[in-house]
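What follows is one structure encoded as structure tokens, with my remarks underneath.
In the working numbering, the protein residues as written are 161 to 312.
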């Protein structure tokens, strides 16, 4: 009676089959076992009307790069290795990750200027015209005149 008793093997579901099943489903619906991570980041700049001056501290590419680094760092720091967000589900499959980024620039109107601090500073000086800039000759005219005492 020392024979082996056959035991029913649990059905193994691979990550690939789970992922292929989810692809067939509507993207808005998630499978019962998965808990997706969804991020929507909107850093868009909307400028409307006329004659606006907008000073951007970084180019859209630099800003998108900084956001990407911050997201990756946050996911790394929040991963289960650091007792935060588990990046795998109960069966060891990676959790679905959805990231949407809107870094658009929409400008409507006329006379709008968007640029760096240097560009905006140059524009302001140019628009100010000669009223704010003084020639060295003009400075002499503005200096108080010195009076000489007359001797008696």
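The beta-carbon is built from N, C-alpha and C at its ideal position, and this holds for glycine as well.
None of the values given here were measured: they were computed from a predicted structure.
Among the options, the one whose alpha carbon lies nearest that of residue i
| i | options | result |
| --- | --- | --- |
| residue 271 | 226, 237, 207 | 207 |
| residue 213 | 290, 269, 289 | 269 |
| residue 265 | 215, 230, 237 | 215 |
| residue 209 | 273, 286, 288, 217 | 273 |
| residue 219 | 205, 255, 237, 286 | 205 |
| residue 225 | 203, 286, 254 | 203 |
| residue 195 | 229, 211, 249 | 249 |
| residue 235 | 281, 278, 259 | 259 |
Residues bridged to residue i [DSSP beta-bridge criterion]
| i | result |
| --- | --- |
| residue 231 | Paired residue(s): none; residue 231 is not in a bridge. |
| residue 267 | 207 |
| residue 254 | 248 |
| residue 199 | 259 |
| residue 273 | 213 |
Contact belief for residue i with residue j at Cβ below 8 Å, rounded distance in angstroms
| i | j | result |
| --- | --- | --- |
| residue 239 | residue 245 | 6 Å |
| residue 233 | residue 263 | Not quite, the Cβ-Cβ distance comes to about 18 Å (not below 8 Å), so this is no contact. |
| residue 201 | residue 227 | 6 Å |
Environment of residue i [buried if 16+ CB atoms lie within 10 Å]
| i | result |
| --- | --- |
| residue 302 | For residue 302, the predicted structure reports a pLDDT of 49, less than 50, and the residue's modelled location is therefore unreliable. A value from the coordinates is still provided. So residue 302 ends up on the exposed side. |
| residue 184 | Since pLDDT at residue 184 reaches only 45, below the 50 mark, its modelled position is unreliable, and no value is offered. |
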